[in-house]
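Let me begin by presenting the structure, written as structure tokens, before commenting on it.
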Amino acid sequence: MEQQYSPSGTVANRPVLTFHGDGGTYFGILFLNGLLTIITLGLYYPWAKAKKLQYLYSSTEMEGSRFAWSGTGNEMFKGFLKAMGIFLALIIAVNVLAYFRLPALGGLLYLAFLLLVVPVAIHGANRYHWSRTSWRGIRFGYRGDRNEFVKLFIKEMFLTLVTIGIYGSWAAINIRNYLLGNIRFGSGEFRYQGNGADYFFLNLKGYFVSILTLGIYSFWWQAEIFSYYIDNLRLVQDEKSFRLRSTATGGNFAGLLIVNALIFIFTLGIGYAWVQTRTVEFLLSHVEIEGDVELSELAQTEEEYRNATGEDMADMLDLSII
Amino acid sequence: MYKGAFYDHKVAKAIPVTVQIFTESLLLDYTREGVSAKKLQWLFTEITVQVSDRNFIRITSAGEEAGTLEVHDPVFVGTFLQTYRHTRGASLHELALRGGYKVGLISLIIVIGILLAGHFFILPWCADRIVDQLPRSFDKKDR
Numbered sequence: 007m008e009q010q011y012s013p014s015g016t017v018a019n020r021p022v023l024t025f026h027g028d029g030g031t032y033f034g035i036l037f038l039n040g041l042l043t044i045i046t047l048g049l050y051y052p053w054a055k056a057k058k059l060q061y062l063y064s065s066t067e068m069e070g071s072r073f074a075w076s077g078t079g080n081e082m083f084k085g086f087l088k089a090m091g092i093f094l095a096l097i098i099a100v101n102v103l104a105y106f107r108l109p110a111l112g113g114l115l116y117l118a119f120l121l122l123v124v125p126v127a128i129h130g131a132n133r134y135h136w137s138r139t140s141w142r143g144i145r146f147g148y149r150g151d152r153n154e155f156v157k158l159f160i161k162e163m164f165l166t167l168v169t170i171g172i173y174g175s176w177a178a179i180n181i182r183n184y185l186l187g188n189i190r191f192g193s194g195e196f197r198y199q200g201n202g203a204d205y206f207f208l209n210l211k212g213y214f215v216s217i218l219t220l221g222i223y224s225f226w227w228q229a230e231i232f233s234y235y236i237d238n239l240r241l242v243q244d245e246k247s248f249r250l251r252s253t254a255t256g257g258n259f260a261g262l263l264i265v266n267a268l269i270f271i272f273t274l275g276i277g278y279a280w281v282q283t284r285t286v287e288f289l290l291s292h293v294e295i296e297g298d299v300e301l302s303e304l305a306q307t308e309e310e311y312r313n314a315t316g317e318d319m320a321d322m323l324d325l326s327i328i
Numbered sequence: 074m075y076k077g078a079f080y081d082h083k084v085a086k087a088i089p090v091t092v093q094i095f096t097e098s099l100l101l102d103y104t105r106e107g108v109s110a111k112k113l114q115w116l117f118t119e120i121t122v123q124v125s126d127r128n129f130i131r132i133t134s135a136g137e138e139a140g141t142l143e144v145h146d147p148v149f150v151g152t153f154l155q156t157y158r159h160t161r162g163a164s165l166h167e168l169a170l171r172g173g174y175k176v177g178l179i180s181l182i183i184v185i186g187i188l189l190a191g192h193f194f195i196l197p198w199c200a201d202r203i204v205d206q207l208p209r210s211f212d213k214k215d216r
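Going down the list, the sequences are from chains A and B. Each position in the first sequence, counted from 1, maps to that position plus 6 in this note's numbering. Each position in the second sequence, counted from 1, maps to that position plus 73 in this note's numbering.
Following this line, the structure appears as structure tokens:
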């Protein structure tokens, strides 16, 4: 870890994030995953996902140590069965209502279910995913309260609906503030201090300027969103903190996305593994961390959580949360 | 003897260790500040292994003295996996991690080969067999 003295005289640490994964190995993993998932008619999917995440996390290094993802296919398969049970119960209930000529009630039940199941899935996925992530044996964790989050989510979605989507930026940031603010890295706590208005105007500007420049500005828009996500994030431990900063520019994003598109098109999709590893490497190498937190002092505080139902429900609803 | 870092799952501080590989176990030897030298023996049956490439390996023990050993040494990775695999066997994914793109490419070629063989040889052969079984009157009925 690089160390410098800040103007106040305290030591400023600068841990660097490095990605060691390579497209070729990742291609091998994805290919085997795909093959085994097809052969087993989809049943292998939880194991495939575990292998993929294990590779991506254990290829990411910070201060000489790599991250670990210790979730297993067995855990996710059990979660998958539970999630399937919940969805099956809903389908049966909707069909029973339709049989008794109450399709409107069935529709309402379906909508209510979706409104309730999405925040529950997000909450569960965060609990499981972060609990299975560690660095030097120190677990991450998510300490959000399910009921509190469901209330927040329903309120934010209601306001977004009432304002015909305009409130969406505030909703996204409020949800982000809650989720990231409840993530722990051992005894370290993450803080996210986003502001809905800033995010709204950032996207408004990005949208109109992208149209005016025939899409060229979209790379700079992307860079601004990434920067907004990273720059407002802090890791706090006792009185010490780490600030994160994005160094990616619109030009960097243009280079990444254009080359990714070319790789994907000219390899007829086979190059997807290289596209993903290039993207992860790019994102990690453009995050600067600086502060006075001593990473070696982070202590174990988070418990293990092995229930993957939320993670599987989020997968079924196609919610890319993490 | 190989060098590695041991983490005790209590704090993120790295404790330098020397590691020895035996046929059915690992022996970790470490000294902490102010504490006398300590030895840990991890049986292969009590550990979980995560390999991400040829240069890095993470071994976790959930036993009485739980901890994680991380070694950045291709020689250790190779030697350990040879001994460990002897007792546990190697999975397809492990081959992919160690063989890099070659494993994926070989699998891809095999799959394409099977598909091509199916299309040009197996399916036509099956079709011929079925045609042989059909009564000739089938063709006449269509006319």
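Glycine residues also receive a C-beta, built at the ideal position from the N, C-alpha and C atoms. Computed from a predicted model, the values in this text were never measured in an experiment.
According to DSSP, residue pairing for A/Trp227 in a beta bridge does not occur. Judged by DSSP in its simplified three-state form, A/Gly257 adopts helix.
Burial state of B/Trp198 is exposed, judged by a 10 Å Cβ sphere holding fewer than 16 other Cβ atoms. Its chain contains Tyr198, Gly200 as the residues whose beta carbon lies nearer than 7 Å to that of A/Arg182, once the 5 sequence neighbours on both sides are disregarded; these appear in chain order. Taken in chain order, the members of the segment 132-146 of chain B whose beta-carbon sits within less than 9 Å of a beta-carbon on chain A are Thr133, Ala139, Gly140, Thr141, Glu143, His145. By a beta-carbon distance limit of 8 Å, A/Val281 does not contact A/Leu250. Their separation comes to about 24 Å. At a cut-off of 8 Å between beta carbons, B/Tyr103 makes no contact with chain A.
Excluding its 5 nearest sequence neighbours in each direction, A/His26 has C-beta neighbours in its own chain below 7 Å: Ser65, Glu67, listed in chain order.
DSSP links A/Gly147 through a beta bridge to A/Arg190.
Within chain B, no residue has its CB atom less than 8 Å from the CB of A/Tyr51, the nearest being about 14 Å off. Within chain A, not a single residue places a beta-carbon under 7 Å from that of B/Leu189; the smallest gap is close to 16 Å. It is roughly 30 Å from the alpha-carbon of A/Leu208 to the alpha-carbon of A/Gly194. Listed along the chain, the chain A residues whose CB falls inside 9 Å of the CB of B/Phe149 amount to none; the nearest CB is some 15 Å away.
Counting other Cβ atoms within 10 Å of its Cβ, A/Tyr148 reaches 16 or more and is therefore classed as buried. In the DSSP assignment, A/Tyr61 falls within the unbroken alpha helix (DSSP H) covering 51-64. Leaving aside the five residues that flank A/Lys57 on each side, the residues in its chain whose CB is nearer than 7 Å to its CB run, in chain order, Ile35, Asn39. DSSP places A/Arg312 in no beta strand (DSSP E); its state is neither H nor E. Your pair A/Ala89 and A/Thr315 checks out as a contact, with CB atoms roughly 5 Å apart and the cut at 8 Å.
Of the residues B/Glu138, B/Phe79, B/Leu154, the one whose Cα lies closest to the Cα of B/Phe95 is B/Leu154.
With contacts defined as CB atoms closer than 8 Å, A/Thr283 and A/Asn266 fail to qualify as a contacting pair. A distance of 8 Å or more separates the beta carbons of A/Ala260 and A/Phe232.
Nearest in C-alpha terms to A/Ala203, of all of A/Tyr234, A/Ile189, A/Gly221, A/Gly192, is A/Tyr234.
The Cβ-Cβ distance between B/Ala85 and A/Leu290 does not fall below 8 Å.
Here the segment 76-85 of chain B does not lie against the segment 100-109 of chain A, with fewer than 3 beta-carbon pairs under 8 Å apart.
Here A/Glu294 is bridged, per DSSP, to A/Arg251.
With fewer than 16 neighbouring CB atoms inside 10 Å of its own CB, A/Ala118 falls in the exposed class.
Take A/Tyr184, set aside five residues on each side of it, and the residues of its chain with a beta-carbon closer than 7 Å to its own are Gly150, Phe155, Leu158, in chain order. Residues of the segment 230-261 of chain A that bring their beta carbon within less than 7 Å of a beta carbon in chain B are absent altogether. Put simply, the CB of A/Tyr61 is near chain B, with a gap under 8 Å to one of its CB atoms. For A/Leu323, the closest C-alpha among the options A/Gly79, A/Leu59, A/Ile128, A/Tyr50 is that of A/Ile128. The beta carbon of B/Ala110 sits closer than 6 Å to those of Thr104, all from its chain and outside the five residues before and after it, given in chain order. With fewer than three CB-CB distances shorter than 8 Å, the segment 163-173 of chain A does not count as touching the segment 131-140 of chain A.
A/Arg72 belongs to the set of residues whose beta carbon lies under 8 Å from a beta carbon in chain B. Taking A/Asn188 as the centre and dropping the five residues before and after it, the same chain places the C-beta of Tyr148, Arg149, Gly150 closer than 7 Å to its C-beta, in chain order.
In the DSSP assignment, no residue is bridged to A/Val124.
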